[in-house]
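Under this note's numbering, the first residue of the sequence shown carries the number 2, and numbering increases by one thereafter.
The beta carbon of each residue, even a glycine, is placed where N, CA and C say it ideally should be.
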Amino acid sequence: LNLSLIGNYQVENASIAVETVLQLRKFGFRVSENAIRKALKTTFFPGRFEIKELKIGNWKLKIVLDGAHNPIKMKAFLETLKELFPKERKVFIVGFKFDKDIKKMLKEILGEADEIIVTEFKGKTDMEVRASAKATAVAKEIKKLSNKVIKVEKNSKKALEKALGNLTMEQFNNGTIIVVTGSLYLVGEVRSML
Numbered sequence: 002l003n004l005s006l007i008g009n010y011q012v013e014n015a016s017i018a019v020e021t022v023l024q025l026r027k028f029g030f031r032v033s034e035n036a037i038r039k040a041l042k043t044t045f046f047p048g049r050f051e052i053k054e055l056k057i058g059n060w061k062l063k064i065v066l067d068g069a070h071n072p073i074k075m076k077a078f079l080e081t082l083k084e085l086f087p088k089e090r091k092v093f094i095v096g097f098k099f100d101k102d103i104k105k106m107l108k109e110i111l112g113e114a115d116e117i118i119v120t121e122f123k124g125k126t127d128m129e130v131r132a133s134a135k136a137t138a139v140a141k142e143i144k145k146l147s148n149k150v151i152k153v154e155k156n157s158k159k160a161l162e163k164a165l166g167n168l169t170m171e172q173f174n175n176g177t178i179i180v181v182t183g184s185l186y187l188v189g190e191v192r193s194m195l
């Protein structure tokens, strides 16, 4: 079976989906092996370990988008990120929904990030409440956990511009990547800018 999605955790998710289809056959549902193979080969989930390539002059920059929004998903995402990009310098743009376990996700991120830009997103909950955690509060939490240099840019577009603007030619040559994570709201905003 060929899977179009990246990451060991996606293999696990796909195997559960296949087993579900196989179990449904017991109840009269008919899904052919061809349909299963095609679905696995063509499935696309925007913002789940999605790699975009941005061309800047003669250089190409990889931007990895993943809406990991809880500690388990963040850990799985970062394990795959480390596996696929073991030597690259990683600039993280992070933003979180206010009701998530931000502290645990930050602990995971701090082990991988060379630089962090904390931002916010415009999305709202279904109750029309602004969903984004305050960037300044997230930055304070990072300072409690680490002495890494962090930047705060409340506007996600400006955060992306800041990440791109801070890259030197040497960093391009040494394989820096930009990683956008923490919320599908944030990933969706940034994805629409690329």
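Rounded separation between residue i and residue j - CA only
i: Arg31; j: Ala40; result: 15 Å
i: Lys104; j: Pro47; result: 25 Å
i: Thr177; j: Phe28; result: 50 Å
i: Leu2; j: Lys108; result: 35 Å
i: Leu195; j: Arg90; result: 20 Å
i: Leu23; j: Ser33; result: 10 Å
i: Val153; j: Glu142; result: 12 Å
i: Lys61; j: Glu116; result: 19 Å
i: Val197; j: Val95; result: Nothing can be reported for residue 197: it is not among the residues displayed for the chain, which extend from 2 to 195.
i: Leu165; j: Arg26; result: 50 Å
i: Leu146; j: Met106; result: 11 Å
i: Lys53; j: Ser193; result: 11 Å
i: Glu84; j: Arg38; result: 26 Å
i: Gln11; j: Lys88; result: 23 Å
i: Thr81; j: Ala134; result: 26 Å
i: Asn14; j: Val65; result: 20 Å
i: Ala136; j: Leu111; result: 16 Å
i: Leu55; j: Lys163; result: 15 Å
Selected residue, minimal CA-CA separation from residue i, among the options
i: Gly8; options: Asp102, Ala77, Glu89 and Ser157; result: Ala77
i: Lys144; options: Leu66, Ile118 and Leu185; result: Ile118
i: Lys101; options: Ala114, Ile73, Trp60 and Lys88; result: Ile73
i: Ala36; options: Lys53, Ala18, Phe50 and Glu51; result: Ala18
i: Lys98; options: Thr21, Arg192 and Val139; result: Val139
i: Ser157; options: Leu168, Gly189 and Phe45; result: Gly189
i: Gly124; options: Phe50, Tyr186, Arg49 and Thr21; result: Tyr186
i: Val92; options: Thr81, Phe50 and Lys63; result: Lys63
Cβ separation of residue i and residue j, assumed to be a contact under 8 Å, to the nearest whole Å
i: Lys155; j: Glu121; result: 5 Å
i: Ser5; j: Thr43; result: 6 Å
i: Val191; j: Leu168; result: Not really, about 16 Å apart at Cβ, beyond 8 Å.
i: Glu51; j: Leu79; result: Wrong, their Cβ atoms sit about 15 Å apart, outside the cutoff.
Coil, strand or helix - residue i by DSSP
i: Ser33; result: coil
i: Leu41; result: helix
i: Ile118; result: strand
i: Thr21; result: helix
i: Thr177; result: coil
i: Ser147; result: coil
i: Phe86; result: coil
i: Leu168; result: coil
i: Arg49; result: coil
Any non-hydrogen atom of the ligand GTP closer than 7 Å to residue i Cβ
i: Leu66; result: Absent from the structure shown: the ligand GTP. Ligands present: none.
Touch check for the stretch 178 to 187 and the stretch 60 to 69: three-plus C-beta pairs under 8 Å?
yes
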